[in-house]
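The structure under discussion appears below in the form of structure tokens.
Protein chains in written order, with the numbering used here: chain D, 245 to 529; chain P, 1094 to 1318.
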């Protein structure tokens, strides 16, 4: 058997090991590549940058731990940027797993990096409510009817930053972090298009192609997968270098990503060559 | 190297390795982790639903004094008996568990489906049909300051041809002969490129998740990073 045919029939477990090494080695070696922002990501950054202090940003965490490596940096970078710009941050979730991710966000970013920001004044965690797109439909008209308390059980009327919130139209920007249904698509359909509210989002790479058609008319901007959030982080750190240590999670993960992609591309090329060589030999014999 | 001393990190690490063991072959450890995940997820969703929605949004409105200790912020107001309606419909859903009166659950299902179908139909029509058609209607030749903008013109041309030829490929009322043949061929090419790009994104997502797990195992658990 020709060597290229042997490569073509390689045990899949060998490929798994090679992919694992392609991820582990760059991670240990801290391989980092430069990241440059694309227009679709820059649009979100520019919008947050242009909002005056005190503006209201709604951050909806519509994902769970299974996609946290992609989604959590998105929630972190938006929170970081919003609080650095003295915007008011409202955190909520359409997924029951969202509050758990919100707690990580609060501990790792809000408390750790912004100890001066006060809960209920600068940021609030409204928690999860059932209803999927029905919830968006409802809070588009009446927010306090649905959110009677925050996630800690504090009455909504006792929270200072909820005073001038009646419904979704009172927000200056809605940012959905999603990995499926309900998620950014539902925010576009049920809040953005209906209420004429600026919607932007960050989604897993699997979901990103489904949302590109909404850009730029229905969706202000989009972070697609780890690459999207890495672009945002790089832009943020460039302007606010104090986040260099804590704010480059996705940028650091793009090294292993690039190496693993290169290995996969090589496997695809080798596999195709092996296929054509084998086909040619079969025809000849 | 500093091994984690937190029990939850060790549990997470072992469960991750159990799931990864499927890459070798299907086995008991993989099945155990999979079943554990399904069970824990179901319980988690139920508990979160009760504490975040049923207590503050239903019980606290019907019997505020009952939840004074559980949801202090939601209690204290007057009972709102209008919320008996969702309570009744919610209970009707549970009649599925009682064979003799299980048909009553259909009333609640009818309400849910009717509401969802009604709202979804309008939203999908506006966002995914009308707005998408409107977004596709763009000038093919983009001229700015009296000069043809090559990049934008090319993008708009690709958009127009992609949509037009893609639609022709799905036009089955006439055999794809004559002018329809090259258009439908281009349509299938456009579709294949789209699927390829979509698959590329899927690969990127999976590698991101793998990187996240490796980071957890090597960093949080083994302390190597």
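Even glycine gets a Cβ: it sits at the ideal position worked out from N, Cα and C. Since this is a predicted model, take the numbers as computed values, not measurements.
Neighbouring residues, chain P, relative to residue i (Cβ below 7 Å)
i: residue 192 (chain D); result: Past the boundaries of the shown model lies residue 192 (chain D); chain D is included only from 245 to 529, so the question cannot be answered.
i: residue 464 (chain D); result: Ordered by position in chain P, no residue passes the 7 Å Cβ test against residue 464 (chain D), which lies about 14 Å from the chain.
Contacts that residue i makes with chain P (C-beta to C-beta distance below 8 Å)
i: residue 373 (chain D); result: 1145, 1146, 1150
i: residue 437 (chain D); result: 1216, 1219, 1220, 1224
i: residue 461 (chain D); result: 1224, 1227, 1228
i: residue 420 (chain D); result: By Cβ distance, chain P contributes nothing, its closest Cβ being about 14 Å from residue 420 (chain D), past 8 Å.
i: residue 511 (chain D); result: Under the 8 Å cutoff, chain P gives no residues; its nearest Cβ is about 11 Å from residue 511 (chain D).
For residue i, the nearest candidate out of the options (CA to CA)
i: residue 1129 (chain P); options: P:1094, P:1097, P:1141, P:1109; result: P:1109
i: residue 329 (chain D); options: D:350, D:351, D:312, D:290; result: D:290
i: residue 342 (chain D); options: D:284, D:332, D:315; result: D:315
i: residue 471 (chain D); options: D:270, D:281, D:359, D:262; result: D:281
i: residue 468 (chain D); options: P:1253, P:1122, P:1291; result: P:1291
i: residue 480 (chain D); options: D:320, D:510, D:277, D:429; result: D:320
i: residue 420 (chain D); options: D:255, D:436, D:414, D:406; result: D:436
i: residue 309 (chain D); options: P:1306, P:1314, P:1141; result: P:1306
i: residue 283 (chain D); options: D:302, D:307, D:364, D:473; result: D:473
i: residue 1224 (chain P); options: D:438, D:358, D:345; result: D:438
i: residue 247 (chain D); options: D:402, D:293, D:522; result: D:522
i: residue 489 (chain D); options: D:356, D:515, D:406; result: D:356
i: residue 1170 (chain P); options: D:324, D:257, D:327, D:401; result: D:401
i: residue 1116 (chain P); options: D:311, D:389, D:252, D:257; result: D:257
i: residue 1294 (chain P); options: D:452, D:254, D:252, D:403; result: D:452
i: residue 259 (chain D); options: D:520, D:347, D:514; result: D:514
i: residue 405 (chain D); options: D:446, D:363, D:386; result: D:363
i: residue 447 (chain D); options: D:312, D:255, D:251; result: D:312
i: residue 1181 (chain P); options: P:1217, P:1197, P:1221; result: P:1197
i: residue 1308 (chain P); options: D:250, D:271, D:253; result: D:271
i: residue 1148 (chain P); options: D:390, D:484, D:455, D:349; result: D:390
i: residue 426 (chain D); options: D:300, D:485, D:487, D:307; result: D:307
i: residue 1222 (chain P); options: D:373, D:353, D:392, D:458; result: D:458
i: residue 485 (chain D); options: D:325, D:505, D:351; result: D:325
i: residue 1277 (chain P); options: P:1257, P:1289, P:1096; result: P:1257
Neighbouring residues, chain P, relative to residue i (Cβ below 9 Å)
i: residue 262 (chain D); result: Those within 9 Å of residue 262 (chain D) in chain P number zero; the least Cβ separation is about 12 Å.
Under 8 Å from the C-beta of residue i: neighbouring residues of chain D
i: residue 1135 (chain P); result: Going along chain D, no residue has its Cβ under 8 Å from residue 1135 (chain P), so there is no contact; the nearest lies around 11 Å.
i: residue 1297 (chain P); result: 449, 469, 470, 471, 501, 505
i: residue 1114 (chain P); result: The premise fails here: residue 1114 (chain P) is roughly 11 Å from chain D at the closest Cβ pair, so nothing lies under 8 Å.
i: residue 1108 (chain P); result: Ordered by position in chain D, no residue passes the 8 Å Cβ test against residue 1108 (chain P), which lies about 11 Å from the chain.
i: residue 1308 (chain P); result: 271, 313, 497
i: residue 1302 (chain P); result: 310, 311, 313, 314
Test item: CB-CB of residue i and residue j under 8 Å
i: residue 1283 (chain P); j: residue 1244 (chain P); result: no
i: residue 1255 (chain P); j: residue 1094 (chain P); result: no
i: residue 332 (chain D); j: residue 366 (chain D); result: yes
i: residue 1253 (chain P); j: residue 1233 (chain P); result: yes
i: residue 477 (chain D); j: residue 492 (chain D); result: yes
i: residue 423 (chain D); j: residue 288 (chain D); result: no
i: residue 322 (chain D); j: residue 302 (chain D); result: no
i: residue 430 (chain D); j: residue 345 (chain D); result: no
i: residue 1114 (chain P); j: residue 1122 (chain P); result: yes
i: residue 334 (chain D); j: residue 373 (chain D); result: no
i: residue 1185 (chain P); j: residue 1201 (chain P); result: yes
i: residue 1235 (chain P); j: residue 1249 (chain P); result: yes
Neighbour list for residue i in chain D, Cβ cutoff strictly below 9 Å
i: residue 1158 (chain P); result: The premise fails here: residue 1158 (chain P) is roughly 15 Å from chain D at the closest Cβ pair, so nothing lies under 9 Å.
i: residue 1210 (chain P); result: The premise fails here: residue 1210 (chain P) is roughly 12 Å from chain D at the closest Cβ pair, so nothing lies under 9 Å.
i: residue 1117 (chain P); result: 257, 260
i: residue 1311 (chain P); result: 268, 271, 272
i: residue 1294 (chain P); result: 448, 449, 450, 451, 452, 453, 468, 469
i: residue 1318 (chain P); result: 271, 272, 274
Heavy atom of the ligand MG within 7 Å of residue i beta-carbon
i: residue 289 (chain D); result: No copy of the ligand MG occurs in the structure displayed, which carries no ligand at all.
Closer than 7 Å at the beta carbon, the chain D residues around residue i
i: residue 1142 (chain P); result: 340, 374
i: residue 1225 (chain P); result: 457
i: residue 1097 (chain P); result: Under the 7 Å cutoff, chain D gives no residues; its nearest Cβ is about 17 Å from residue 1097 (chain P).
i: residue 1277 (chain P); result: Simply none; closest approach about 21 Å.
i: residue 1164 (chain P); result: 393, 397
i: residue 1138 (chain P); result: 340
Unbroken alpha helix (DSSP H) runs of length 4 or more, entirely within the stretch 387-452 of chain D: which are they?
-> 387-390, 428-431
Only counting runs of 3 or more residues, tell me where the beta strand (DSSP E) segments fall wholly within the stretch 314-397 of chain D, in order along the chain.
-> 332-337, 367-372
Does the stretch 1138-1154 of chain P come close enough to the stretch 1163-1178 of chain P to have 3 or more Cβ pairs within less than 8 Å?
-> yes
For the stretch 1296-1304 of chain P against the stretch 261-273 of chain D, are there 3 or more C-beta pairs whose distance is under 8 Å?
-> Short answer: they touch.
Can you find at least 3 beta carbon pairs, one from the stretch 446-463 of chain D and one from the stretch 1219-1234 of chain P, that sit closer than 8 Å?
-> yes
How do the stretch 361-381 of chain D and the stretch 389-401 of chain D stand: do at least 3 beta-carbon pairs fall below 8 Å, yes or no?
-> yes
Could you tell me whether the stretch 490-501 of chain D touches the stretch 272-286 of chain D, using the rule of 3 or more Cβ pairs below 8 Å?
-> yes
Any contact of the stretch 401-416 of chain D with the stretch 1170-1177 of chain P, i.e. 3+ C-beta pairs under 8 Å?
-> no
Contact the stretch 374-383 of chain D vs the stretch 429-444 of chain D: 3+ CB pairs below 8 Å | yes
3 or more residues per run - each beta strand (DSSP E) lying fully within the stretch 442-504 of chain D = 443-447, 466-468
Which whole runs of the alpha helix (DSSP H) in the stretch 1219-1300 of chain P are 4 residues long or more, in chain order?
-> Within the stretch 1219-1300 of chain P, the complete alpha helix (DSSP H) runs of at least 4 residues are 1224-1229, 1243-1262.
Any alpha helix (DSSP H) of 4 or more consecutive residues that is wholly inside the stretch 1183-1218 of chain P | 1198-1217
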